[in-house]
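Each step along the sequence shown adds one to the number in UniProt numbering, with nothing skipped, and position 424 is 424.
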Amino acid sequence: MFISIAIFIPFLAAIFVPFIYKWMPSRKIGWFVLFVPLALFIMLASLIPSVAGGGTYIHTMRWIDSAGINFTTYLDGLSMIFGLLITGVGTLVILYSIYYLSEREALGRFYVYLLMFMGAMLGVVFSDNMMVLYVFWELTSISSFLLIAFWYHRKQSRYGAQKSMLITVTGGVAMLAGFIMLQTLTGSFSVREVIATIGQYTDDTLFLLAMLLVLLGAFTKSAQFPFHIWLPDAMEAPTPVSAYLHSATMVKAGIYLVARFTPVFGGEAIWFYTVSSVGIFTLFWGSFNAVKQTDLKALLAYSTVSQLGLIMSLFGLGSVALNGGYSADSVIYTQATFAALFHLINHSTFKGALFMVVGIVDHEAGTRDIRRLGGLMSLMPVTFTIALIGSFSMAGLPPFNGFLSKEMFFESMLIIRELDLFSMGSWGALFPVIAWIASVFTFVYSMIIVFKTFLGEHQPDRLDRPVHEAPIGMLIAPSILGLLVVGIFFFPNMVGHYVLQPAMAAVYPPFAGAEGMVPHISAWHGFNYAPLQLTLGVIVVGVLLYLSLRYWRGVYTIAPMRWSLDGLYNGLLLQTERFTTVVTRFYMTGHLRDYLVYIFTFFILVVGGGLVLTGSFAFDFSNDAPITINEYVLVFVMIGAGISILFVKSRMTAIILNSVLGYAVALFFVVFRAPDLALTQIIVETVTTALFLLCFYFLPDWKREIASRSTKVINAVIAIAVGTIVTLLALTVQGNKLFESISVYFEDAYALAGGKNIVNTILGDFRAFDTMLEVVVLFIAGLGVFTLIKLKARKEGQDVED
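Structure (structure tokens):
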């Protein structure tokens with residue numbers, strides 16, 4: 001039950017933030033928000049011993065039983081890792097934002113968006129039902145869009161928000177299709193039930209399609225190549241947003257999806273090749289492009305892309321363990337997944353600290369441009385220390401946690417060379433080679449962060465303001481993350497036993513409790529340890545490349561910018577906008593007559609054509625009641641009034657003839673013994689006629705449009721065709737009753753709902769939910785009108801003051 005409540009706590013807090021922001025000083029609103037993730041983190045941390053012992057927490061709230069969609073939350077070792085990251089890093093980010101953001105910012109709006117995102121991320125990792133997971137998945141895209149565009153007055157902020165939204169939402173829709181396919185195969189939306197039953201459907205065509213669609217959603221969200229292009233542009237968001245969304249949470253959602261569905265698709269050759277290959281190339285591409293960046297946040301963005309690729313490739317390699325049954329070899333392959341989970345935690349610590357450091361540099365120096373920075377070590381010693389810890393950990397150097405997971409990464413890459421599954425052959429040798437080259441570039445850009453920013457010559461004349469150390473409040477959060485980076489290095493097995501072990505059991509349900517699944521993490525394996533030798537090679541070559549950076553950096557200017565993926569995205573977006581503009585101008589003519597032609601033509605083709613092609617026109621008048629003289633009179637009156645409206649030249653006459661039609665319908669209700677409907681029709685018709693008269697009174701003189709003969713002919717043909725189809729359709733329906741009328745059910749309205757008026761009972765009881773939604777729509781429309789009137793009045797008042 002707690003897990004279900006934990007998801008909604010941030011949303012509830014977000015509701016109260018605007019009201020509290022009204023009377024609380026703007027600086028203090030952050031302290032109120034800080035309590036939310038802190039309390040959630042403490043409560044989750046209290047469950048660590050239970051989950052480490054193999055316990056899981058499941059809670060179900062019934063929602064849409066008929067569709068198999070219920071709000072089911074599930075806490076196991078895997079979701080525990082992500083839950084701790086979301087709440088723990090979220091606590092530090094909010095603490096950091098309290099000192100980072102100015103009181104002049106719209107802090108109330110900022111914290112509402114941040115809490116929405118936090119709740120959505122918790123919903124993603126704790127949801128067992130795939131449909132509920134998808135709802136929260138897209139909610140993360142929406143809330144991140146709002147956060148990235150927080151400084152909406154900046155063009156680049158709006159561009160970055162739009163870019164991230166388009167790419168991640170497109171992937172999310174593909175993922176939804178994959179979920180539906182899995183439900184079609186297994187008959188369930190529950191992830192746990194899909195894992196338990198999917199084995200018998202692996203040969204089905206839908207299985208492969210579902211796999212690729214789910215991966216598309218994961219790759220777009222976790223910024224894998226070629227979808228990584230949204231992440232650098234998302235750096236236009238405030239630094240606390242970057243530290244939270246783009247290092248610890250949102251980009252890890254795709255990683256979570258791959259880990260959660262590894263028991264479903266793992267062991268399949270396509271899953272292995274796709275995940276591992278995309279991951280390893282993303283690792284190389286991100287690290288290679290990070291070196292050329294001159295903006296510190298852009299550098300960290302590409303480094304994040306690279307590190308996400310590293311984690312993704314490890315999950316791909318680890319999926320091999322599920323090919324076949326349990327064996328000593330399969331346990332060896334699980335070490336890749338263990339390394340992925342370990343680096344997932346490590347990356348959140350050192351990358352979160354580095355984003356905060358960059359924010360501090362930008363806050364104090366007024367720039368993130370590496371070319372204008374330098375010599376800040378003596379001016380910002382604490383910030384320099386945190387940057388050193390985070391960068392060296394990212395480079396994979398001791399004594400920092402990144403060294404441990406990087407060594408395990410190298411070890412997994414070396415093991416994969418010996419893989420004899422999936423016709424790997426010599427292809428397996430490419431993985432360690434690419435991994436080593438990417439690690440060299442990782443070392444280079446890590447050194448750039450430290451030495452280009454904090455060492456060298458200080459350039460005060462190129463800075464916007466004098467530089468000094470950040471306030472203590474801004475240093476607390478990155479210092480805590482820095483301490484975690486060092487602490488995990490010295491006590492890694494505490495993390496391994498209490499956090500990683502239950503997560504491994506969640507990724508590999510068949511191997512739960514198997515010996516060797518969770519290795520003993522050690523910093524020293526001797527000089528003959530191959531990963532250590534690779535690390536030494538990375539250091540040597542990385543130092544040489546860093547020292548000679550100015551000589552080979554020109555390689556980045558070889559390819560024209562128009563060949564880049566960003567150029568492809570921008571060109572595709574531009575062509576799409578042009579195409580939609582042409583299409584829109586074609587049908588949005590501004591003439592009501594054209595719109596009616598489109599609608600009625602579509603009706604004629606679809607309804608009329610469909611009935612003709614299927615031979616559905618069939619009439620049976622044998623059971624019809626006889627038509628009385630009264631009904632004939634009313635019909636001819638309505639026909640006469642309808643035709644007369646087309647030829648009259650007076651507005652008053654047209655209104656009267658139109659009301660004749662309405663009152664004739666009311667007389668039909670009287671003839672058919674429906675007095676309540678007749679009364680309603682008379683009232684509505686009277687009010688409508690009065691409104692017509694009132695509106696036409698204020699309209700200018702009526703100038704009748706002179707249409708061409710061809711236009712009149714087309715209008716007549718369309719009108720006759722629509723009228724004929726509607727008449728024939730009504731006669732067909734009347735003469736061919738395949739089922740008993742549903743009105744029989746509502747005739748017993750008094751016994752079923754206690755209402756004597758069938759119409760009122762249908763509106764208030766049988767379709768009450770629909771009626772409620774109609775009222776909600778009207779309420780929202782009313783709010784919109786009220787807001788527009790209020791804004792207009794405020795603007796007019798400001799104009800008067802000006």
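Where is the CB? At the ideal position from N, CA and C, for every residue including glycine.
Values in this document were obtained by computation on a predicted structure and should not be read as measured data.
Name the DSSP bridge partner or partners of residue i?
i      : result
Asn129 : Ser190
Tyr57  : Leu75
Asp295 : Asp369
So residue i packs on residue j, CB below 8 Å; how close in whole Å?
i      : j      : result
Ile98  : Gly30  : 4 Å
Tyr74  : Ile58  : 5 Å
Ser412 : Leu317 : 6 Å
Leu147 : Leu245 : 7 Å
Ser306 : Ser287 : 4 Å
Leu84  : Leu139 : With a Cβ gap of about 21 Å, Leu84 and Leu139 do not count as contacting.
Val687 : Glu631 : In fact, because the Cβ distance is near 26 Å, the residues do not count as touching under 8 Å.
DSSP on residue i, reduced to helix/strand/coil?
i           : result
Trp63       : strand
Asn70       : strand
His591      : coil
Asp624      : coil
Asp770      : helix
residue 812 : In the structure as shown, the chain begins at 1 and stops at 802. Residue 812 is therefore absent and cannot be evaluated.
Trp137      : helix
Trp31       : helix
Tyr792      : Checking the sequence shown, residue 792 turns out to be Lys, not Tyr. Three-state result, Lys792: helix.
Arg562      : The predicted model places Arg562 with a pLDDT of 49, which falls under 50 and marks its position as unreliable; any figure quoted below should be read in that light. Here Arg562 sits in helix by DSSP.
Ile7        : helix
Lys712      : helix
Met467      : Just to set this straight, residue 467 is Val in the shown sequence, not Met. Val467 falls in the coil class under three-state DSSP.
Trp151      : coil
Asn757      : coil
Phe491      : coil
Glu631      : helix
Thr727      : helix
Ala674      : coil
residue 816 : Look at the range of the chain in this structure, 1 to 802, and you will see that residue 816 is not part of it.
Pro25       : coil
Asp765      : helix
Gln224      : coil
Val124      : helix
Ser616      : coil
Leu101      : coil
Ile233      : The question names Ile, but residue 233 is Asp in the sequence shown. Helix.
Ala336      : helix
Ile706      : coil
Met116      : helix
Tyr508      : coil
Val648      : coil
Met356      : helix
Can you list, in chain order, the residues of its chain whose CB lies under 6 Å from that of residue i, leaving out five sequence neighbours each side?
i      : result
Leu574 : none
Ala218 : Gly254, Leu257 and Val258
Val51  : Gly77, Met80 and Pro502
Leu115 : Pro10, Ala13 and Ala14
Trp230 : Lys163, Ser164 and Ile167
Gly178 : Ala210, Leu213 and Val214
Can you list, in chain order, the residues of its chain whose CB lies under 8 Å from that of residue i, leaving out five sequence neighbours each side?
i      : result
Leu34  : Thr91, Ile94, Leu95 and Ile98
Ile488 : Ile345, Asn346, Thr349, Asn401, Leu404 and Val495
Met561 : Residue confidence is low: Met561 scores 49 on pLDDT, short of 50, so the model does not pin down where it sits. Its coordinate-derived value is still stated next. These residues qualify, in order along the chain: Gly567.
Glu193 : Thr186
Ile714 : Val597
Here's a check: name, in chain order, each residue in its chain whose Cβ is nearer than 7 Å to the Cβ of residue i, leaving out the five neighbours to either side.
i      : result
Arg368 : Asp295, Leu296, Lys297, Val358, Val361 and Asp362
Tyr152 : Arg158
Asp546 : Note on residue identity: the sequence assigns Tyr, not Asp, to residue 546. Contacts found: Val444 and Met447.
Practice prompt. Quick one: which unbroken alpha helix (DSSP H) runs of 4-plus residues sit fully inside the segment 514-548? Chain order, please.
Written response: 530-547
Item to complete: Go through the segment 359-441 residue by residue and report every complete run of the beta strand (DSSP E) that reaches 3 residues or more, in order.
Response: Runs of the beta strand (DSSP E) inside the segment 359-441: none found.
Worksheet item: Where in the segment 169-215 do unbroken runs of the beta strand (DSSP E), each at least 3 residues long, occur, reported from the N-terminal end onward?
Response: none
Item to complete: Let me know the alpha helix (DSSP H) ranges lying completely inside the segment 295-325, each 4 residues or longer, listed in chain order.
Response: 296-318
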